[in-house]
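Quick note on full-length UniProt numbering: the sequence shown kicks off at 1 and runs consecutively. Just so you know, even glycine gets a beta-carbon here, dropped at the ideal spot from N, CA and C. The structure presented is a predicted model; accordingly, all values stated were derived computationally and were not measured. Beneath this line is the structure, given in structure tokens, with notes to follow.
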Amino acid sequence: MAAHDVPIGDDTIRLGQFLKLASLIDSGSDAKSVIADGLVSVNGEVEVRRGRQLHPGDTVALGEESARVTRG
């Protein structure tokens, strides 16, 4: 499945915030658990840091869904 573009208002966004903004999760507490469980990848690599800074062009995947960070 192709990643859908999700614009952000700043130059960076934290991974936990982006998961919610991209509607890949329902709440911030969900972000903590899916990241800690190693279910999230950034640019094809598993990421376990909720505070990871994402930049335009980064692609985040959770299960079958993925979203690409774009500049808003």
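Could you spell out the range, first to last residue, of the beta strand (DSSP E) harbouring residue i?
i: Ala61; result: 59 to 62
i: Val6; result: 4 to 8
i: Glu65; result: 65 to 71
i: Ser41; result: 40 to 42
Sort out for me which residues DSSP pairs residue i with in a bridge.
i: Leu54; result: Ile13
i: Val46; result: Ser41
Which residue comes first and which comes last in the alpha helix (DSSP H) that contains residue i?
i: Ile35; result: 28 to 36
Determine, using beta carbons only, whether residue i and residue j come nearer to each other than 8 Å.
i: Glu47; j: Leu21; result: no
i: Ile8; j: Gly72; result: yes
i: Val42; j: Arg50; result: no
i: Leu24; j: Glu65; result: yes
Please check the pair residue i and residue j, which I expect to be a contact at CB under 8 Å, by giving their CB distance rounded to whole angstroms.
i: His4; j: Ala67; result: 6 Å
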